[in-house]
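Colleague:
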Amino acid sequence: MRCPFNNTEPIWHVSGLLHANDAPQQSTTVQVPVTGHLIANGSLFAHAFITREGRSPDPAATGSYDPWATTTLTQALVVHGARPEPLGLRKLTTGEPAPWEEELRRGAVAAAIAGQPPDRWVPHWKPALHLSLIVDFEPHELFRGMPPHYQHHLLQRRLMDRDGTYKPLLYSNELTVMRQHWLAINDSAVSPTELPLELSWSPMGVKRFAWMQQLEASFKMNEDKLGISEKESEDMRGMFVHTPPALLYTTMGVSAVHLLFDVLFRATSP
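Using the numbering used here, you'd call the opening residue of the sequence shown number 162 and step up by one each time.
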């Protein structure tokens with residue numbers, strides 16, 4: 162993975178990754194320098210490469226470069242919007258404020274000192290980039306029989322050839338990067354000189370990928386058509402993303418049974 166401030170060496174290099182569902186997760190945290198470009202509402206993108214062992218993602222590497230041996234992803238690390246407001250969240254065990262809550266309060270104080278209005282749009286730093294390599298060993302009929310969201314991403318990213326050959330999809334899981342964790346980048350005296358970036362890689366099955374895409378589309382539709390606020394949508398997203406699937410399915414099953422008995426009780430009541 163590379164950043165513009167270092168064009169020679171990647172900021173994170175991991176070898177020996179396995180393209181398998183049981184491959185262990187890899188993670189690290191790096192510090193990204195805050196430049197004048199970022200403070201002046203500039204953009205910054207992460208460029209991630211996953212390459213087959215023995216090959217190079219560099220087109221200038223004669224003899225070891227193969228475009229079908231490398232899958233890539235470019236992801237924005239800076240987004241613009243109004244400052245998120247602290248929600249008063251605290252740790253359940255200790256009662257201490259959540260770490261990002263302290264950062265939100267610090268940013269609000271710094272903005273007030275600088276004379277910035279609360280609703281002013283400012284650049285925000287996404288402190289996490291969670292990458293997943295989609296694991297797919299199932300045979301698919303050419304342009305048919307493939308999950309629609311999965312095929313859409315392959316075609317949109319130009320990972321599929323006309324004969325149906327396609328490269329593994331490298332996916333950035335944006336559902337796990339909550340808006341309340343964003344860090345405001347400002348030009349006040351207390352602006353940090355470095356920003357943390359949590360990087361992780363893990364395998365993801367096609368079915369889970371399709372489920373994540375449907376979940377993301379559902380949240381977007383609720384915001385656009387049902388008028389659900391962004392905060393409410395993010396709270397629901399956090400519940401689905403951070404709750405273990407087994408516990409989530411159990412909770413939904415218990416709720417469905419409870420609802421069924423409630424309906425039966427009302428139907429039999431005189």
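Backbone N, C-alpha and C define an ideal beta-carbon position, used for all residues, glycine too.
If the criterion is Cβ atoms closer than 9 Å, does the pair A230 and R244 meet it?
Modeller: Counting from one through the sequence shown, the residue named residue 230 turns up at place 69. Counting from one through the sequence shown, the residue named residue 244 turns up at place 83. No.
Colleague: If you draw a straight line from the alpha carbon of T354 to that of R281, how long is it in whole angstroms?
Modeller: Numbered from its first residue, the sequence shown carries residue 354 at position 193. Numbered from its first residue, the sequence shown carries residue 281 at position 120. The straight-line gap from Cα to Cα measures roughly 22 Å.
Colleague: Starting from P364, trace the beta strand (DSSP E) in both directions and tell me its first and last residue.
Modeller: What you label residue 364 is simply residue 203 of the sequence shown in a count that begins at 1. Residues E355 to G366.
Colleague: What residues are listed by DSSP as bridge partners for Y332?
Modeller: Counting from one through the sequence shown, the residue named residue 332 turns up at place 171. BP columns for Y332 point to S293.
Colleague: Does the distance from the C-beta atom of A237 to that of F206 stay below 9 Å?
Modeller: Taking the sequence shown and counting its residues from 1, one reaches residue 237 at position 76. Taking the sequence shown and counting its residues from 1, one reaches residue 206 at position 45. Cβ distance < 9 Å, so A237 and F206 count as in contact.
Colleague: Evaluate the contact criterion for the stretch 322-340 versus the stretch 290-306: three or more CB pairs, one atom per stretch, below 8 Å.
Modeller: Yes, since at least three Cβ pairs between the stretch 322-340 and the stretch 290-306 fall closer than 8 Å, the two stretches touch.
Colleague: Would you mind listing the beta strand (DSSP E) stretches within the stretch 183-239 that are 3+ residues and don't spill past its ends, in chain order?
Modeller: You should have 187-194, 206-212 and 231-237.
Colleague: Applying the 10 Å Cβ sphere with the 16-neighbour rule, what's the burial state of F298?
Modeller: Taking the sequence shown and counting its residues from 1, the one referred to as residue 298 is at position 137. Answer is exposed; the Cβ neighbour count stays below 16.
Colleague: Return yes when at least one heavy atom of the ligand MG lies under 8 Å from the C-beta of A378, else no.
Modeller: Among the ligands in the structure shown, none appear at all, so the ligand MG cannot be discussed.
Colleague: Excluding the 5 residues preceding and the 5 following T232 in the sequence, name in chain order all residues of the same chain whose CB lies nearer than 6 Å to its CB.
Modeller: The residue given as residue 232 occupies position 71 in the sequence shown. Closer than 6 Å at Cβ, skipping near neighbours: I211, K328, P329 and L331.
Colleague: Check each candidate in E359, A378 and S176 and name the one with the smallest Cα separation from S217.
Modeller: Taking the sequence shown and counting its residues from 1, one reaches residue 217 at position 56. Closest by alpha carbon: S176.
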